[in-house]
Every structure is written in C-alpha cells, then in structure tokens.
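First to last, the sequence lines map onto chains W and A.
Take 217 as the starting number for the first sequence in my numbering and just add one per residue.
Take 3 as the starting number for the second sequence in my numbering and just add one per residue.
All C-beta atoms in this analysis are idealised placements derived from N, C-alpha and C, irrespective of residue type, glycine included.
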Amino acid sequence: MSTPTEIYTDVQLAVGRSFEQVRRARNLGIIYLILAGVAAWVFTGHQGSATFNLDGGRSFGVAATPLAWIVAGTLAVLGGIQLARGLGRWQSAALAAAAVVFVFSLLAWAAAPRSFAFVGMLSQSITFSTPLIFGALAGIMCERSGVVNIAIEGMLLNGAFTSALVGSVTTFWVGVVAAMITSALFAWLLAWLAIRFKVDQVIIGFFINFFVAGLTAFLDNRVLSSNPGYNGVDTLKPLKVPLLHKIPILGPVLFTQTIFVYTAFALVAFLAWAFRSTRWGLRTRAVGEHPKAADTLGVNVNRMRYRNVIAAGAIAGFGGSWFTANVGRFREDITDGRGFIALAVVIVGRWSPVGALSGALVFGFFDALKDKLGFLKTGIPGEFIGMTPYIATIVVVAGFAGRTRAPKASGQPYESQ
Amino acid sequence: MTAAIAPQSQAPDDHLHESPWIHRLSSLRLTSLAVLTALVLGAFIVALSDIDKVKHGDIGGMLTTVKDSYVALAKGAFGSWRGWSETITAATPLMFAGIAVALGFKAGLFNIGATGQMLAGGMAAVWVGFRFDLPAPIHVTLALLAAIIVGGAFGGIVGLLKARTGAHEVITTIMLNYVAAGLALWLLKTSEFQRPGRGDPVSKDIHTSAKLPSLFGFLDRSTLEIRAHTGFLLALAAVVLFWWLMKRSKLGFEFRTFGANADAARYAGMNPGRLTIGAMFMAGAFAGLAGGSEILGGVTQNHATTGLAGNVGFDAIAVALLGRSSPWGTAAAALLFGALKAGGDQMQVDTGVPVDLVLVIRALIVLFVAAPALTRIIWRLKDKGTEGGTPLFRGWGS
Numbered sequence: 217m218s219t220p221t222e223i224y225t226d227v228q229l230a231v232g233r234s235f236e237q238v239r240r241a242r243n244l245g246i247i248y249l250i251l252a253g254v255a256a257w258v259f260t261g262h263q264g265s266a267t268f269n270l271d272g273g274r275s276f277g278v279a280a281t282p283l284a285w286i287v288a289g290t291l292a293v294l295g296g297i298q299l300a301r302g303l304g305r306w307q308s309a310a311l312a313a314a315a316v317v318f319v320f321s322l323l324a325w326a327a328a329p330r331s332f333a334f335v336g337m338l339s340q341s342i343t344f345s346t347p348l349i350f351g352a353l354a355g356i357m358c359e360r361s362g363v364v365n366i367a368i369e370g371m372l373l374n375g376a377f378t379s380a381l382v383g384s385v386t387t388f389w390v391g392v393v394a395a396m397i398t399s400a401l402f403a404w405l406l407a408w409l410a411i412r413f414k415v416d417q418v419i420i421g422f423f424i425n426f427f428v429a430g431l432t433a434f435l436d437n438r439v440l441s442s443n444p445g446y447n448g449v450d451t452l453k454p455l456k457v458p459l460l461h462k463i464p465i466l467g468p469v470l471f472t473q474t475i476f477v478y479t480a481f482a483l484v485a486f487l488a489w490a491f492r493s494t495r496w497g498l499r500t501r502a503v504g505e506h507p508k509a510a511d512t513l514g515v516n517v518n519r520m521r522y523r524n525v526i527a528a529g530a531i532a533g534f535g536g537s538w539f540t541a542n543v544g545r546f547r548e549d550i551t552d553g554r555g556f557i558a559l560a561v562v563i564v565g566r567w568s569p570v571g572a573l574s575g576a577l578v579f580g581f582f583d584a585l586k587d588k589l590g591f592l593k594t595g596i597p598g599e600f601i602g603m604t605p606y607i608a609t610i611v612v613v614a615g616f617a618g619r620t621r622a623p624k625a626s627g628q629p630y631e632s633q
Numbered sequence: 003m004t005a006a007i008a009p010q011s012q013a014p015d016d017h018l019h020e021s022p023w024i025h026r027l028s029s030l031r032l033t034s035l036a037v038l039t040a041l042v043l044g045a046f047i048v049a050l051s052d053i054d055k056v057k058h059g060d061i062g063g064m065l066t067t068v069k070d071s072y073v074a075l076a077k078g079a080f081g082s083w084r085g086w087s088e089t090i091t092a093a094t095p096l097m098f099a100g101i102a103v104a105l106g107f108k109a110g111l112f113n114i115g116a117t118g119q120m121l122a123g124g125m126a127a128v129w130v131g132f133r134f135d136l137p138a139p140i141h142v143t144l145a146l147l148a149a150i151i152v153g154g155a156f157g158g159i160v161g162l163l164k165a166r167t168g169a170h171e172v173i174t175t176i177m178l179n180y181v182a183a184g185l186a187l188w189l190l191k192t193s194e195f196q197r198p199g200r201g202d203p204v205s206k207d208i209h210t211s212a213k214l215p216s217l218f219g220f221l222d223r224s225t226l227e228i229r230a231h232t233g234f235l236l237a238l239a240a241v242v243l244f245w246w247l248m249k250r251s252k253l254g255f256e257f258r259t260f261g262a263n264a265d266a267a268r269y270a271g272m273n274p275g276r277l278t279i280g281a282m283f284m285a286g287a288f289a290g291l292a293g294g295s296e297i298l299g300g301v302t303q304n305h306a307t308t309g310l311a312g313n314v315g316f317d318a319i320a321v322a323l324l325g326r327s328s329p330w331g332t333a334a335a336a337l338l339f340g341a342l343k344a345g346g347d348q349m350q351v352d353t354g355v356p357v358d359l360v361l362v363i364r365a366l367i368v369l370f371v372a373a374p375a376l377t378r379i380i381w382r383l384k385d386k387g388t389e390g391g392t393p394l395f396r397g398w399g400s
C-alpha cells in the first residue's frame, strides 16, 4: 500500500520530472489561468475597434472585445493543458506566444475605440531599452569572469556626466570617448580593490554608485548650472539604414534608430559569439566558474578579470553617454536607477547577452507602454502599468531561480596557491 | 572550492567583537583616519570646483572657500540647539533603516529594499494617523505598530520569495522599491488618502493625537525650527533591541550562524526558510519604523508624499557598511551621517557649496573604512589585523 506521496513520486519518476519541475509547471498553469481571467474580465470592457497606426499612413483595425474573448479562450486552454499534462518542450515557446497575444489584447482594449501609434511605440521601446542593454552587457562581462558589478548605475551616470561636460567643451564623440575612459577607470578601481585588497565587491560597487551620484550632483549644481556652456550637446539624430529602413513596420522600428541602438545590437551579437567561440570567451567563463581549474591550465585568472572589468566599464561609459545624447544635456540623477534595472536584466537574462537583450527590450516596451497608455486614459491607473515590469521581473526570477546558472565564482576573490 | 575563497573569519561574528581592546582601538583609529581622509579629499573637491578662482590661480581664495564651507558645516551640525536638532532629525531615520540593512547583513541577506519598506511603513502610519480618532498615547502606538507590521510584511515578502523559490533578495528588493513607489503614488491619489482639494499626490494630515512629542519640548515651543522628535529615542531603543537580539537571543544567534555559514546552520538543525523570512520581516519592520517616525515625528509636515522615503534607504546601506553591521557602529554611523547632512544643508545656505558634497564625503568614508589597506597606504601605517570579516555577497545561487 503506497502513501499518496509515494504514488506522486512514482508518477514523477515515470514521467521523469522532479518535484521542482512539477511545482513550476503547476504555477505556470495557474499564471495562464489568471491571465485568461484578466483578458475575459477586463479586456472585454471596451466596445468598438482599436486602430493600430503603422508607418507611412497605414493602419489596421482590431475589434477589441472579440479579440479579448479569443485570447482569454486560448490562454485558458493553454493553462488547462499545462495543468493537466504540461506542455513539455513547447513550454517556453507557448509562454512567449501567450505573453505577446495578451499584450496585444491589452493594447486593443486600451486603444478602443480610438487609434494609437503602434509602430511609434515599438520604436520607442527599443530606444528606451538601449541603456539597459549596455548596462546589462557591462554586468555580464564582469560577472562571467567572477566579479560582481553592483556599480553599473554609477558607471552609467558617470558616462552621462562626462560625455556632457567633455562633449560640450570639445565635440560629442570626444565626450563619449572620455566617458568610456573615465568609467573604465572606475571599473579599474573596482577590479584593483577587489583583486589586490580583496575588498568586498558589493561595498566597492556601492562606493562607486554613491561617489558618482554625489560628485555629479555636486558638480552639476556648482559648476554646470552657472556655466551653461559646459552642459549642452546636440541630441543624436536617427540614422536610416540604406534599403532596410524601407521595410514596412520593421524599417521604422529597427532600422531608423541612433548609432547607439545599432552599436548595442552589434555588441550583443559580438559578445554572444565571443563567449561561445573565442579563446577569450572560454577563458572568461572558466575564470568565472572555476578559477582554480583555469589557473591550473595556465590562465592568468586575475589578469583576465582586470581586462574584463575594465572593458565592462568602457561599455557602461558608452551606454551612459546615451542619456546625454538622448536629451542633449546632463541633469542630476539622469539615469534614475536604470543601472539597477540593468542588474536585474543580467539575472533575468541568465548571464547571456541575448537573454539580456530580451530582458532589456521587455523593460523598454513597458516604459513605452506607460507613456502611451497615459495618453489613452484607460481607467487603469498608470501606476499599475508602471509596476508591471517590476512585478514581472519578480515572477520571472522566482520562477526561474531554481534553473538559473550564475557564474559560480561570482563575487569571490581568487588567490593562486 | 574553499581554496579559491578569501580567508575569512570562521566565527559567526565580525572581528570587532571577538578582538581584544587593542584591536578595537586600532579599528577606531582607522575609522577616524578614514573620516579624516574623506574630509581632506572633500576639501580638494570644493577647492577645485571653485571654477572662477581656479581660473585666476587664486589659491588663497580657494583655501578660504574650503575653510568657510567646513566651518559652516560644523556650525550647522553642532553649533546651536538648532544644529543638534537637525543632526538628530536626520540621524533618526538613518538609524532605523541602517539597522534594517545591518540586520540583513548579519543574516547573510543584502537588503536594498529599505526604501520600499520605509515607504510602506510610512503610508501605514499616515493612514492610521488621519483615519482614527484616539487618545494620544494609544494613537501613536497604533500608528507605529502599523508601520512595523506593514513594513515588516513588505520585507517578509522578500524572505518568503527567497525561502520558497530561491529568488535572490538583491533583485526582489530593488523591484519591490519600484512597486512600493507605484503603490504609494496610486494610494495617494485615492479619495481615502488624498487631501481634499488637491490634485497632486499629497495625503491628509495626521491628527495631533498621533504625533510623536518634540524631543526638546522644554525649549521655547514657539521656535518651529527645533524639529527633533522623540522618534530619536525610539531609534536608540531600536539599537539596543538590535544589540539584544543579536547578542543575547537564540534567534539572533541563529541569524548570525546562518549569515556566516548557511550550510553549518542547516547542519545544526536550523530552519533556513524560517530564518530568511524572519530576518527579512524584522528588517522590514525596522525600515517601516523609519518611515513611521518620519511621518509621526512631523518631519514630513504631518503628511505623506511619494518622496517621504527620500534617499534614506540607500544612505542606510552606507550607514550599515560604515558601522560594519554592529549595533553601536550603525548608531554611530547614523549620527555621523546625520551630522554631515545637517551641516551640509547649512553649508549650502551659508556658502553656496552644494549639499551634495556630503554624499561624496560619505562615499569616501565608506570606501576607506571598507578598504583599511588603502587608508594604511595613505597614512603609512604598518600594523595589520583588522582585515577579513564575513563577506557580504555569496553569489547569486540560492
């Protein structure tokens, strides 16, 4: 005679799933049903059709209420399957598809019976995600080699300030280079104190954040505000990629952006490839996972860490100058905690460049959505839309936590024997 | 794996308390030198940012600027009853929130969420403050209890998430700060909270019966400039409570053991989930009190706005780092930072040097305290022995 728990365990063994997986699958099913409920209760509330404006005067209309019912039904079915027997290897794809149709239904509901600039919003999402991509890449570069970088915020802020000050006195791109160099110097300080003196990396990270926040605010109030000549650069204009920018929808969204966006995408692609297939990438990962093994095989662990951390600083400095380029000047606390969001993106993206890109795009999307829904007066308070990405991050981190594979040696100093 | 980890103290405590007096003195000397170094570097920043004088090479003028700023800073912090009052007013929330962060560190948890927990506690306190009509002592007590419970719940969520799913507290606390800000903004626009006739997010005023008495009530009551309130006494009591919890109670011992070595704690039969949730609840409760005392002490003019937590939550991290998470260290650090804040405000009024200088000095103090080796190099000291301590960060794994 078996107890229920034993039977449960037997069933698990039969389908080859652990308790952890079963629990996660069940939670996922519940999330589907909740989303289906929201779609059925809330999104069916607006009559009429929503007009999604595309580029070049094109647009298409969607009847909000029927769409909401279809979406609710689909999500309910997915939730049912998930609860009954799991979606197996389709799990991730189904979740992504469900998220997309859910958000689409949300947009239709919010806009009905009026219209809104759909393509404009997508384009803005990418703009808003740019600094997060750079910040997250800076985090990944450090963490993959075994150094925790809590100082992304400080490095971004320093980039914004330096590019504004130096860029105003010289030219914009000289300012950007100065931003990269100074942020790399802060990164060097992080590496030096962490490696040479084994100071706790989190403390150094917070020191950099506090120091940069204080110093830039101080200099902004004391020097820049009374000398406007020191704080004003040209805002960056979008560059159209030849031919590609003519593609409908994708053209204005992906190929009519500033040089920062193209650089971000290129850097993601480069790093994704480099981590996987270059000597540098393999050594970096070895140093971050098992420094002792790497050392035994002749890799200079600490030199590897110095290089990566300093490069990460330069990336964050470049990303920081985006803030200045975006509005044309520096102001106090212009980064507004984006560096900490980037830190979350590192983890949600599971320490991979492509994962970080996806995470950053989601945050960028919700930033843009908050902007647009403010216009549309949906009745749901903008504050809740604003909270969505943060709550979603918690759900994702909680849901994935068992499966995340952080670099094992992250945060631990190394001393060769 | 242990070979790759830096040498660290094995006892569940930091070095300050297991060292003999001579080490304490040495540590005190290092801390004083760290403060001094930070002030000297701050002086350089003040001098070099005086652009006009720098352009004219007016070194004497630059030195005068530095002297005037630091004199104003000292006067603003300690030069008068008002100075002391401002120092205490600024130190009060830092002490509560500093404990919230320090307690987390002791239990091996990095609480970046003091801002959100403080906001939650402050909103709860203001609601009890304006919603009910009760006799004074009961009303204040209830409002403080509400701050403790709601702040604690906000911290407890983090512990629960970590215990149940392994979600790292650094991420969840950062995210919950934003969630708290969003919730507070929304609440402040509801008819329950919003002051009648106002379009911006400002709450109703708390009733007089919910106010914490003034600390210097024996002075001339008509001088409204004396803002210090009895929340400061509560903060001192919280420090003692924190000390008692950590040094004298079983739970505190479990927190410290868990913080120093989670595997050892598990092996010794302690319940990691319970400890994580408990530590985060208590941390949240202390941070909630920071918000509650700001509201009930009248520092925020008796009402709540979204800015009620200010930067206290992040400053509290610096306070806990500087105080090395010990009760007395945290209290002293909060007083020092409070004095810098009060003095900095006066400095800005008197000399036009922005109060943000104080942030730079604070950051440098934290750096030099965290890296005694740097301080030793600068001052050419030889001795060693205060290095080490439990690392704050133990990787992202659960």
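For a cut-off of 8 Å, the C-beta gap from Pro-623/W to Gly-362/W is around 6 Å, short enough to register as a contact. Linking Gly-351/W to Ile-47/A through their CA atoms gives a straight-line distance of about 28 Å.
With respect to Phe-344/W, Asp-583/W sits close: the two C-beta atoms are nearer than 7 Å. Taken through DSSP and simplified to helix, strand or coil, Ser-205/A comes out as strand. Closest option to Asp-416/W, judged by alpha-carbon separation, among Arg-250/A, Ala-267/A, Val-321/A and Val-368/A: Val-368/A. From the listed residues Gly-253/W, Gly-272/W and Ala-280/W, the smallest Cα separation to Ala-266/W is found for Ala-280/W. Between the C-alpha atoms of Lys-508/W and Ser-632/W there is a straight-line separation of about 7 Å. Excluding residues up to 5 positions away in sequence, Thr-94, Met-97 and Phe-98 lie with their Cβ nearer than 6 Å to the Cβ of Ala-237/A in the same chain. Here Phe-318/W is near Leu-251/W, since their CB atoms are less than 7 Å apart. Taking the C-beta atoms as reference points, Asn-425/W is found no nearer than 7 Å to Ala-380/W. Burial check for Arg-382/A: the Cβ neighbour count within 10 Å stays below 16, so the residue is exposed. Every alpha helix (DSSP H) of 4 residues or more that sits fully in the stretch 263-325 of chain A is shown, in chain order, as 264-269, 274-298 and 314-324. The three-state reading of DSSP puts Thr-267/W in strand, counting E and B together. Look at Lys-343/A here: in three-state DSSP terms it is helix. For Val-355/A, the chain W residues whose C-beta falls within less than 8 Å of its own C-beta are Arg-438, listed in chain order.
Contacts between Ser-51/A and chain W, judged by CB atoms closer than 8 Å, involve Phe-434, Leu-435, Arg-438 and Val-439 in chain order.
Contact between Ala-318/A and Val-103/A holds, with the beta-carbon distance rounding to 5 Å and staying under 8 Å.
Interface annotation for the stretch 350-374 of chain W against chain A: Val-364, criterion Cβ-Cβ distance under 7 Å. No Cβ of chain W is located within less than 7 Å of the beta carbon of Val-103/A.
Val-357/A: not part of any alpha helix (DSSP H); DSSP gives it neither H nor E.
Minimum Cα-Cα distance from Ile-601/W among the listed residues Met-520/W, Ser-442/W, Leu-585/W and Val-611/W corresponds to Leu-585/W. For the stretch 387-409 of chain W, the set of positions with a beta-carbon nearer than 8 Å to some beta-carbon of chain A reads Leu-409 in chain order. Here the alpha carbon of Leu-359/A sits roughly 16 Å from the alpha carbon of Met-64/A. Contact with chain A is found for Tyr-606/W, since one of that chain's Cβ atoms lies less than 7 Å from the residue's Cβ. Contacts between Val-181/A and chain W, judged by CB atoms closer than 9 Å, involve Met-603, Tyr-606, Ile-607 and Ile-610 in chain order. Taking a Cβ-Cβ cut-off of 7 Å, the neighbours of Ala-429/W in chain A comprise Leu-361, given in sequence order. Here His-58/A is exposed. Its C-beta has fewer than 16 other C-beta atoms within 10 Å. Ile-397/W and Pro-347/W have their C-alpha atoms spaced approximately 17 Å apart. The shortest CA-to-CA distance from Gly-85/A to any of Lys-343/A, Phe-112/A, Ala-45/A and Lys-206/A is the one to Lys-343/A.
Shown here for Ala-528/W: same chain residues with a beta carbon closer than 7 Å to its own, the five before and five after excluded, namely Ala-354, Met-357, Cys-358, Asn-365 and Ala-403 in chain order.
In chain order, Val-418 make up the part of chain W whose C-beta sits under 8 Å from the C-beta of Phe-112/A. Put simply, the CB of Asp-358/A is near chain W, with a gap under 7 Å to one of its CB atoms. Near chain A, meaning a CB-to-CB distance below 9 Å, no residue of the stretch 577-592 of chain W qualifies.
At a cut-off of 7 Å between beta-carbon atoms, Thr-332/A makes no contact with chain W.
Ala-488/W and Pro-569/W have their C-alpha atoms roughly 6 Å apart. Within the same chain, Gly-44 and Ile-47 come within 7 Å of Val-362/A by CB-CB distance, once the 5 residues on both sides are set aside.
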